[in-house]
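Trainee: Structure in C-alpha cells, see below.
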Amino acid sequence: MKNRLQTFLISAVALAVLPLLLQGFGEAWVRIVDTALLYILLALGLNIVVGFAGLLDLGYIAFYAVGAYMFALLASPHLTENIPAIAAMFPDGLHTPIWLAIPIAAGVSGLAGVLLGAPTLKLRGDYLAIVTLGFGEIIRVFMNNLDAPLNITNGPKGINSIDPISVGGVSLGEPWHVAGLTLPPVTLHYYLFLAVVVVAVIVCLRLHDSRLGRAWMAIREDEIAAKAMGLNTRNLKLLAFGLGATFGGVSGVLFASFQGFVSPESFSLQESVLVVAMVVLGGLGHIPGVILGAFLLAALPEVLRHVAGPLQAMTGGRLDAAILRQLLVALAMIGIMLMRPRGLWPSPRHEDRLIPDEDAQGGRA
92 MKNRLQTFLI
102 SAVALAVLPL
112 LLQGFGEAWV
122 RIVDTALLYI
132 LLALGLNIVV
142 GFAGLLDLGY
152 IAFYAVGAYM
162 FALLASPHLT
172 ENIPAIAAMF
182 PDGLHTPIWL
192 AIPIAAGVSG
202 LAGVLLGAPT
212 LKLRGDYLAI
222 VTLGFGEIIR
232 VFMNNLDAPL
242 NITNGPKGIN
252 SIDPISVGGV
262 SLGEPWHVAG
272 LTLPPVTLHY
282 YLFLAVVVVA
292 VIVCLRLHDS
302 RLGRAWMAIR
312 EDEIAAKAMG
322 LNTRNLKLLA
332 FGLGATFGGV
342 SGVLFASFQG
352 FVSPESFSLQ
362 ESVLVVAMVV
372 LGGLGHIPGV
382 ILGAFLLAAL
392 PEVLRHVAGP
402 LQAMTGGRLD
412 AAILRQLLVA
422 LAMIGIMLMR
432 PRGLWPSPRH
442 EDRLIPDEDA
452 QGGRA
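Following this line, the structure appears as C-alpha cells:
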C-alpha cells in the first residue's frame, strides 16, 4: 500500500510538472502532449467496444465528429449567422458553456452509438467491421455536404470562431499568470485534458471490475456460451456501443474548443484506423496498455517530423516528408507487433493465472 501511494504521488508530480518543462522547449511540444491526451480518451472509449466486448468498430471516429460538430454549432456564431430563426431567439449568439456542452455531446454521441449498434447485433468479425466503417464514412460525408439548402455544417469549409473553454468564468484561450509563471493556453488545456482522462481511466477501471465488464468479456470470449448462461447479449452490446461513444463525444467537444475550428477532414477513415491501432498495439482490454499505445502512436508521428526532414534532405527532396513519416510509423508498428503480438502491455491471460507453476508441480511430485 505504501509503495502504491509513493508511485501515485511521484506520477502525479511528474504529470503536473511535465508541461512546465516542455514549454521551455516550445509550445509545440506541449501541443503534442495535448493531442496525445485526446487520443488516449478516444482509445479508452474504443477499448470498451473492442477490448471489453470484442466488437470490432472501424467507424468510431464518427462519434468524435458528432461531439466536435455539436460543440461547434452550440458555441460559435455559425447558426445565428445562417438561420434567422435562431438569430431572433438568441440575438447575442449561442455561447453554450462547456459544463452544459459536454453532457449534451455525450448524450447525442451515446444515442448515435446505440443507433449504430442496433442494426449490427447479429454481425460479427469482418462483417461488423465493414458496417461500422460504412457508418463512419456516412457521418463524414454527411458533415461534408450539409451546407445546402440549409447551411448547418458549412460543408468542406468547416466551422470556425468556436468559443474557447472557460473554467469558472476564466477563458483557457488566454495565458494565465500564476506565481510568476506564465501558463500559455496549450498548458492550461493540458491540465484540463489530464483531469478528464483521469476521470475516464477511473470509470474504465470500475467498469472492468464490475459485473457489466465481466459480462462484456464473456461475450468477447464466447458469445454463444454467454447467451446460454443467461446474459442478455443484445442489451449488453448496445450498452457497450453507447458507453464507448460517449467517450468519443466528450473528446470531440474538447478537440473543437482546443482547435477553434472543425472540418470533415479531421474525421477521416485514417483516424478511425489509427485509434483501433492504438488499442491493438497497446493491448486489447488492458487499460494501461491502451494508454501506452495511444500515447506512442499519437506522439510518434510528430516526433518523427524531426527525423523525416534530414532523411528527405539526404534523398535530395525526392521523398515527401509526410509520406516518409508515415512509412517510419508503419515500420515501427510492424516491428513492435512482430516482437509483441499481444501488444506492448497485454492483460494477463486467464491460463497464466489458472495453470499451476510447473516447478511447484514438480516439487509436489
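In the numbering used here, the protein residues as written are 92 to 456. Note that beta-carbon positions come from the ideal geometry of N, C-alpha and C, so glycine has one too. Fair warning: this is a prediction, and the values are worked out from it, not measured in the lab.
Any idea if arginine 95 is buried or exposed, counting beta-carbon neighbours within 10 angstroms, 16 or more meaning buried?
Mentor: exposed
Trainee: With distances taken from CA atoms, which of Val398, Phe349 and Arg416 is nearest glycine 264?
Mentor: Cα-wise, what sits closest to glycine 264 is Phe349.
Trainee: With respect to the alpha helix (DSSP H) encompassing histidine 299, which residues constitute its N-terminal and C-terminal limits?
Mentor: 276-299
Trainee: Determine the burial state of leucine 445: buried for a count of at least 16 other Cβ atoms within 10 Å of its Cβ, exposed for fewer.
Mentor: Because leucine 445 sits at a pLDDT of 45, beneath the cut-off of 50, its placement in the model cannot be relied upon, and the following sentence gives the value as read from the coordinates. Looking at its Cβ environment, which holds fewer than 16 other Cβ atoms inside 10 Å, leucine 445 is exposed.
Trainee: For threonine 337, does the three-state DSSP call read helix, strand or coil?
Mentor: helix
Trainee: Just to confirm, is the Cβ distance from alanine 197 to glycine 373 under 8 Å?
Mentor: no
Trainee: Taking 6 Å as the limit between beta carbons, can you name the residues of its chain near tyrosine 130, skipping five residues before and five after?
Mentor: Ala385 and Ala389
Trainee: Could you check whether methionine 234 and tyrosine 160 sit closer than 8 Å to each other, using their CB atoms as the reference points?
Mentor: yes
Trainee: Do phenylalanine 67 and leucine 327 have their C-beta atoms within less than 8 Å of each other?
Mentor: There is no way to answer for residue 67, as the model of the chain reaches only from 92 to 456.
Trainee: Are the CB atoms of tryptophan 436 and leucine 402 within a distance shorter than 8 Å?
Mentor: Cβ distance not < 8 Å, so leucine 402 and tryptophan 436 don't count as in contact.
Trainee: Distance check for arginine 433 and valine 371, CA to CA, integer angstroms please.
Mentor: 8 Å
Trainee: Taking 8 Å as the cut-off, decide whether the C-beta atoms of glycine 343 and glycine 158 are in contact.
Mentor: yes
Trainee: If you follow the beta strand (DSSP E) that histidine 377 is part of, which residue opens it and which one closes it?
Mentor: Run containing histidine 377: none; DSSP gives neither H nor E here.
Trainee: In three-state DSSP terms, what is histidine 268?
Mentor: Looking at histidine 268 - three-state DSSP - the assignment turns out to be strand.
Trainee: Go ahead and pull the three-state DSSP assignment for serine 252.
Mentor: Of the three classes helix, strand and coil, the one that applies to serine 252 here is coil, per DSSP.
Trainee: Under three-state DSSP, which class holds threonine 324?
Mentor: helix
Trainee: On a CA-only basis, which of Leu111, Ile310 and Ala306 is nearest glycine 271? Give me that one, please.
Mentor: Leu111
Trainee: Just curious, the alpha helix (DSSP H) that arginine 431 is in, first and last residue?
Mentor: Taken as a continuous stretch (DSSP letters only), arginine 431 belongs to no alpha helix (DSSP H), as it is neither H nor E.
Trainee: Counting along the chain, where does the alpha helix (DSSP H) carrying leucine 109 start and finish?
Mentor: 93-113
Trainee: Using the DSSP secondary-structure output, state which residues sit across from valine 353 in a beta bridge.
Mentor: According to DSSP, valine 353 bridges with Ile250.
Trainee: Which whole-angstrom value describes the C-beta separation of alanine 144 and alanine 331, a residue pair presumed to lie in contact below a C-beta threshold of 8 Å?
Mentor: 4 Å
Trainee: May I have the straight-line CA-CA distance separating glutamine 417 from leucine 170, to the nearest angstrom?
Mentor: 37 Å
Trainee: Looking at the secondary structure, which residues open and close the alpha helix (DSSP H) in which asparagine 242 lies?
Mentor: That residue, asparagine 242, is in no alpha helix (DSSP H); it is neither H nor E in DSSP.
Trainee: Using C-beta distances below 6 Å, list every residue in its chain close to asparagine 242, excluding the 5 sequence neighbours before and after it, in chain order.
Mentor: Asn173, listed in sequence order.
Trainee: Rounded to a whole number of angstroms, what is the C-alpha to C-alpha distance between methionine 180 and leucine 375?
Mentor: Roughly 48 Å separates the two Cα atoms.
Trainee: In this structure, does DSSP put serine 342 in helix, strand or coil?
Mentor: helix
Trainee: Using 8 Å as the Cβ pair cut-off and three pairs as the minimum, do the segment 288-303 and the segment 134-144 touch?
Mentor: yes
Trainee: Between Asp238, Leu207 and Arg431, which has its C-alpha nearest glutamate 228's C-alpha?
Mentor: A check of alpha carbon separations from glutamate 228 across Asp238, Leu207 and Arg431 identifies Leu207 as the nearest.
Trainee: Considering only residues of the same chain and omitting the five flanking positions on each side of alanine 163, which have a CB-CB separation below 6 Å?
Mentor: Ile250, Ile253, Ala347 and Val353
Trainee: On the three-state DSSP scale, how would you describe threonine 223?
Mentor: helix
Trainee: Taking the continuous alpha helix (DSSP H) assigned at lysine 213, which residues delimit it?
Mentor: Premise fails: lysine 213 is in no alpha helix (DSSP H) and is neither H nor E.
Trainee: Hey, quick one: how far does the alpha helix (DSSP H) through leucine 164 stretch, first residue to last?
Mentor: 152-165
Trainee: Please check the pair proline 255 and proline 266, which I expect to be a contact at CB under 8 Å, by giving their CB distance rounded to whole angstroms.
Mentor: Going by Cβ atoms, the distance from proline 255 to proline 266 rounds to 12 Å, so no, they are not a contact pair.
Trainee: By how many angstroms is the C-alpha of leucine 422 removed from the C-alpha of serine 395?
Mentor: Contrary to the premise, residue 395 reads as leucine rather than serine in this sequence. Approximately 12 Å, taken between the alpha carbons.
Trainee: How big is the Cα-Cα spacing for threonine 406 and isoleucine 221?
Mentor: Cα-Cα distance, rounded: 39 Å.
Trainee: Three-state secondary structure (DSSP) at threonine 187?
Mentor: coil
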